[in-house]
Amino acid sequence: MDGLRESVYRRAGLSLLFPTITFAIFFVAVFIASWLLMPRLRLWKVFIVLAGCVFYGWWDYRAVALLGVVALANFGFALAIARARGAGPRKAALIAALVFDLGLLAVFKYFDFFVVSAANVFHVVGLQVTPPLIELALPIGISFLIFRIISYVVDIYRGTLEPASLLDLAVYVAFFPYLLAGPIARASEFLPQLREPRDPRRIDASRAFFLIFAGLVKKMLIADYVATHLVTGVFTTPGRYTSLEILLGIYGYSVQIYCDFSAYSDMAIGLSLLLGFELPDNFNAPYTARDMRDFWRRWHMTLSSWIRDYLYIPFGGNRKGVRRTYVNLMAAMLLAGLWHGAAWTFVFWGGLHGAGLCCDHWRAARRRARGEPALRDGFWPVARQRFLTFQFVTFAWVFFPTRSDFASPFAVLSRLLTAWGGVGANVTLAVVLVIVLGVAIQYVPARATGLAQVRFSRLSPVLQGVGLALGFFVLNVVGPQGPAAFLYFRF
Amino acid sequence: MDERRRQGGDDWFDEADERTAPPPAPATARRRRRPAVTVGGRRLVPAGSVLVAGLVGLGLALVLNSASIQRTAKAMPFGLQRTLAVTAIRPVAGLSHLLFLDRPSQAALALLGRNRPAEESGSGLSDLGSPTASTTTLRTPTAGRPLRIWVGGDSMAESSGAQVVQYAQQTGVMRATLDYHISTGLSRPDFFDWPLRLAYVSRVLQPDVAVAFFGANDAQAVRFGGRVLGSETTAWDALYAQRVGQAMDTLLRGGATRVYWIGLPIMGTKPFSRTVRVLNAIFRRQAATRPGVVYVDIWPMFATPGGAYSAYLRDAHGDLQLMRQSDGIHMTLAGASRLGVAIVARIERDYHVGGQAPAS
Chain A
18 MDGLRESVYR RAGLSLLFPT ITFAIFFVAV FIASWLLMPR LRLWKVFIVL
68 AGCVFYGWWD YRAVALLGVV ALANFGFALA IARARGAGPR KAALIAALVF
118 DLGLLAVFKY FDFFVVSAAN VFHVVGLQVT PPLIELALPI GISFLIFRII
168 SYVVDIYRGT LEPASLLDLA VYVAFFPYLL AGPIARASEF LPQLREPRDP
218 RRIDASRAFF LIFAGLVKKM LIADYVATHL VTGVFTTPGR YTSLEILLGI
268 YGYSVQIYCD FSAYSDMAIG LSLLLGFELP DNFNAPYTAR DMRDFWRRWH
318 MTLSSWIRDY LYIPFGGNRK GVRRTYVNLM AAMLLAGLWH GAAWTFVFWG
368 GLHGAGLCCD HWRAARRRAR GEPALRDGFW PVARQRFLTF QFVTFAWVFF
418 PTRSDFASPF AVLSRLLTAW GGVGANVTLA VVLVIVLGVA IQYVPARATG
468 LAQVRFSRLS PVLQGVGLAL GFFVLNVVGP QGPAAFLYFR F
Chain B
20 MDERRRQGGD DWFDEADERT APPPAPATAR RRRRPAVTVG GRRLVPAGSV
70 LVAGLVGLGL ALVLNSASIQ RTAKAMPFGL QRTLAVTAIR PVAGLSHLLF
120 LDRPSQAALA LLGRNRPAEE SGSGLSDLGS PTASTTTLRT PTAGRPLRIW
170 VGGDSMAESS GAQVVQYAQQ TGVMRATLDY HISTGLSRPD FFDWPLRLAY
220 VSRVLQPDVA VAFFGANDAQ AVRFGGRVLG SETTAWDALY AQRVGQAMDT
270 LLRGGATRVY WIGLPIMGTK PFSRTVRVLN AIFRRQAATR PGVVYVDIWP
320 MFATPGGAYS AYLRDAHGDL QLMRQSDGIH MTLAGASRLG VAIVARIERD
370 YHVGGQAPAS
C-alpha cells in the first residue's frame, strides 16, 4: 500500500512541492512561528531545523536521517580540520571528509551506474557477470546537499571560514527553501547570516513576492505546458512526430528546462527573503548569452562558480599553460555532466559544453592576441553570437532528458532529419507562442522588473494581497490541474 | 580561495566574476550601519505587513478558486487528510457561492473549456448493446484498412502506451491513439470517470483493438453504497472485480475484437508487489470469463531470472539497462520500449500481421 499511496500522492502533486496548497499552509505556519521565535535565536534555529526535517521527511521520512548524518559527520570533520596541527593532519581530515561526503553520493547515485557499466563492458568481451546492485532510492536533492557541505569543509581547510556550531551547521544543512534543488548557497554565504537575529521590521517582501510569482508562472504556465503538449512525447516517442514537431520539441525542452529550474530557484530565493535570508542568484537570462563562457556565467550560477572554485582552480585552472587550461576545462565540465546524473548521456552533454568552452576560450585568446576585444560588439554581431550560442545550448540539451542510453537522443536527431513533409498536429499557435515567451522573458530589461517591484512595494499590504490573489486566480484558471515535479529534483 | 582568485588570472570564465568577491555582509549588519528602509528603491516592510499581504492574497485566492479546490480535495484518497481538507474547504466554498465569488472562476474555466465532464458525448452504458463474444476470426489488417487501436489507462500508459502507439504505427497497418490520465483508475470514478470515458471510446471511437493499462493507483479505499471500503477487504475485491469486468464489457460492446488488458509488473517494494499480485489475479479472472479479452502478464518480463525485482534488467542484446524509474513503479524509456515491443508483437501475432515489431 505504501507504494500505491506514494504513486497517487506523487502524481497528484500532494507531496510538499512549492506550488501546492499544502506547502502554502506549511509556509504560512513556518513564517509566523519563525518571526515569533526570531528574537530567541537559539530556539529559532532548533525550530527551522525541525521545519526542514518535516519538509524533507514529507517526501520520505527515512531521508531525514541523511540530513542528520551529513550534519553530524561534517561537524566532526570541520573540527578535526580546524584543530589539526600541521598541514598533514589537516589534509588528512579534509580527505576523510571528502571521501565520506562523496562516498555518500557515490553509494546513493553512482554505484549501480558504474557497476552496470562495468558489467556491460565485460559483456562486450564475452563475459556475462551478474553485478551486485544496491538499488537504493535516490534522496531528492542529494547532489545539492553534498556540494553545499563540501563548500563548508573545504572553506574551513582553506582558512576562509570558521567551524560552525552543530546547531548552525544543522540549520545550513536543513534550511528547507534550498533543500531540494538549490541554489547551492555556500556556507560562507549562509552561515554569517545566522550570527544575529534577522530584522523583522525590514523584509524585502516586494522582491520576494515577485520572485515567487515569477517562479509560479514559469513553472505552471510555460514549463509544464510545453512538457505536456509536446516535449514529453517528442523525447519518448519521436517516431510519432514530424521533423517540424521534433524541432519545436527540442526548442520546447530548452525553454522547459530553463523555466522549470529557474522557477524553483526564484521561489527558493523569494521564500528565503520572506524568512529574512538572502540566497545567491542562480540564473541571469542565460539564453541571452553571447558565447559559452557567458552562458556559464548566467546558467546555474551557483553550480558553475562551485565547479570553478572547487574543481577547476584546484585542477590548476589556467595557471599551467594553454593546453592544461583546456584539459582542466574539459575535466571540470565532464564532471559537471556526471553531477547531473548517473548516465553517459550526461557525461557526453558535459563534454559538449566543455568543448564549447574550449572553442570560445581559444577564439577569445586569438582575438585578444590581435588586440581586439574577446567578442565583437555591435547589434548584428551580438545578435549572431546570441543566436548561435542559443542553438548550441539547445541542441546539447537533446542528450539531457532521456538519461539512460544514446539510442533515444540519436533517434530524436535522426527523426529531425528524416521526417520532413508535413507540419504535424502538435505544431499549434499556443505551443509556438509559449516557447517564444519562454525565450522572450529573458530579454525583459532588469530595470523594468525592478521598477515594477518598487511600485508594488509602495502599495498597502491589503492591495498587495489583492494583487497576489488575482495572480493566483489566473494561475488556477489557466495553469495545469496539478503540479509536476521539478526536473532538477532528480539531480 | 578568495586570495588565490585575487592573485592569478585563474578565473573560470577568463574575466572578473561578481561571485569572486567575498560574501556580502549579513543584511542585518549592513542595515545597522546604514539604517535605510529601502533596497534598490523597494520599501522594506515589517513581518506583520508581509503576513497581512500573504493572508489576504491566499485567503482571497482560496475564496475565488474554492470550487476547483473543493473538487481537488474531494479527489484525494480517502483518509484523514482528505477529511480535513474537505471539511476545511466546505464553508469557504459555501461562502464563495453565496457571495457569487465563485462565478468568475467558473466563467473563466467554461470559457477555456476546462470545466466539462470527463467526456461530454458519453451517454452511459445502457444503450450500447451486449458485449461481443469475440470468437470470430480476426481480420488481417492492411495499409488500406488498418487496425484501429485505442491505448489508454493511468500513468503506466503514459510511457508504455506511447511506445505501443509508436511501434504500432511503424507496422504501417495499425493506427493507434493514446488516451491516458495520470493518477486515475477504476477505483475512483469521482476523481476521473473512466466508465464514462470508456463508454465514449466504445460508442464514438469504436476501436478494433483496445489496450488497457489500469491498476497502479487503484488499491485505495472507495466509497460505495454510503460506506468507505478499505482496499484489503473482500468487499473491495468484489467491487473492484465488478468494475474491471464492466470496463472490459464496455470496450467489447463497441466492437473491439480484442481487448488486451495489461497486468501490472513486479514493483520495487514487497508490500506493493503483494498488492499488485491481488490486482493481477482479479484482472486474470475477469479476462478468463470474456473470450474477447486477453490478459497480458508482464510480471515475468520485469523480474530477474530468480523472480525478484530489479530496476536493471538485460535487454535483447544481453546488456543491463535501467528499466524502472526510481519510484520502483513506472517504466523508464527502455522499460516502456520493451513492453511496447512485446504488446505490438502480440497484436501482430494475433492478427496475422506479416511484419515484425522492432527489436528491443
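First to last, the sequence lines map onto chains A and B. 278 is the number that my numbering gives to position 261 of the first sequence; each next residue is one higher, with no gaps. 294 is the number that my numbering gives to position 275 of the second sequence; each next residue is one higher, with no gaps. All C-beta atoms, glycine included, are put in the ideal place defined by N, C-alpha and C. Quick caveat, the model's predicted, so the values are computed rather than measured.
Residue-level contact by beta carbon fails for A:Val124 and chain B, as no gap is shorter than 8 Å. Less than 8 Å separates the beta-carbon of B:Met350 from that of B:Ser179.
In this structure the region 406-414 of chain A does not touch the region 381-398 of chain A; the number of beta carbon pairs closer than 8 Å is below three. Of the residues assessed, B:Asp268 falls on the buried side of the cut-off, its CB having 16 or more other CB atoms within 10 angstroms. In the DSSP assignment, B:Thr106 falls within the unbroken alpha helix (DSSP H) covering 99-117. Across the structure, A:Tyr270 and A:Trp414 are spaced so that their CA atoms are roughly 8 Å apart. For chain A, the residues of the region 322-346 of chain B that bring a beta carbon within less than 7 Å of one of its beta carbons are Ser329, Ala330, Tyr331, Gly337, Asp338, Leu339, Gln340, Leu341, Ser345, Asp346, in chain order. Here the alpha carbons of B:Gly287 and A:Phe125 stand approximately 16 Å from one another. In the three-state scheme derived from DSSP, where H, G and I count as helix and E and B as strand, A:Trp75 is classed as helix.
When Cβ pairs closer than 8 Å are counted between the two stretches, the region 206-224 of chain A is seen to touch the region 61-74 of chain B, the count reaching three or more.
Contacts between A:Val471 and chain B, judged by CB atoms closer than 7 Å, involve Gly60, Arg61 in chain order.
The way I'd put it, the region 243-251 of chain A doesn't touch the region 192-200 of chain A; fewer than three beta-carbon pairs between them come closer than 8 Å.
Of all residues in the region 136-154 of chain A, only Ala136, Asn137, His140, Gln145, Pro148, Leu150, Glu152, Ala154 place a beta-carbon less than 8 Å from a beta-carbon of chain B. Around the beta-carbon of A:His357, 16 or more other beta-carbon atoms lie within 10 Å, marking it buried. Listed as beta-bridge partners of B:Asp198 by DSSP are B:Gly171. Apart from the 5 residues on each side of it in sequence, B:Leu157 sits with its Cβ closer than 8 Å to the Cβ of Thr276, Arg277, Asp369, Tyr370, His371 in its chain, given in chain order.
Listed in chain order, the non-local C-beta contacts of A:Tyr304 below 6 Å within the same chain comprise Phe407, Val456, Gln459, local neighbours out to five positions each way being set aside.
Under the three-state reduction of DSSP, B:Gln340 is assigned to strand. The three-state secondary structure of B:Thr269, taken from DSSP, is helix. Going by DSSP, A:Trp379 is part of the alpha helix (DSSP H) stretching over 361-386.
In this structure, B:Leu270 and B:Leu217 form a Cβ contact; the two beta carbons are roughly 6 Å apart against a cut-off of 8 Å.
Taking a C-beta cut-off of 8 Å against chain B, the contacting residues of the region 203-221 of chain A are Arg203, Ser205, Glu206, Pro209, Gln210, Arg212, Glu213, Pro214, Arg215, Asp216, Pro217, Arg218, Arg219, Ile220, Asp221, listed in chain order. Residues of the region 101-134 of chain A with a Cβ closer than 8 Å to any Cβ of chain B, in chain order: Asp129, Val133. In the structure shown, A:Phe192 falls within a coil segment according to DSSP collapsed to helix, strand and coil. Chain B has a Cβ within less than 8 Å of the Cβ of A:Ser474.
Residue contact with chain B for A:Gln402: absent (no Cβ-Cβ distance below 8 Å to any residue of chain B). For B:Arg277, the enclosing beta strand (DSSP E) starts and ends at 277-281. Around the beta carbon of A:Leu450, a 10 Å sphere encloses fewer than 16 other beta carbons of the protein chains shown; the residue is thus reported as exposed. Residue nearest to B:Thr252 within the set B:Arg262, B:Ala238, B:Gly245, B:Val263 is B:Ala238 (criterion: CA-CA distance). Sequence-distant partners of A:Cys375 (beyond 5 residues in either direction) whose C-beta falls short of 8 Å from its own C-beta, in its chain, are Tyr343, Leu346, Met347. With contacts defined as CB atoms closer than 8 Å, B:Ile281 and B:Val230 qualify as a contacting pair. DSSP places A:Val444 in no alpha helix (DSSP H); its state is neither H nor E.
Interface residue (Cβ-Cβ distance to chain A less than 8 Å): B:Ile168 is not classified as such.
Closer than 8 Å to the CB of A:Pro180 there is not a single CB belonging to chain B. Interface residue (Cβ-Cβ distance to chain A less than 8 Å): B:Asn299 is not classified as such.
If you draw a straight line from the Cα of A:Leu430 to the Cα of B:Leu77, it is about 45 Å long.
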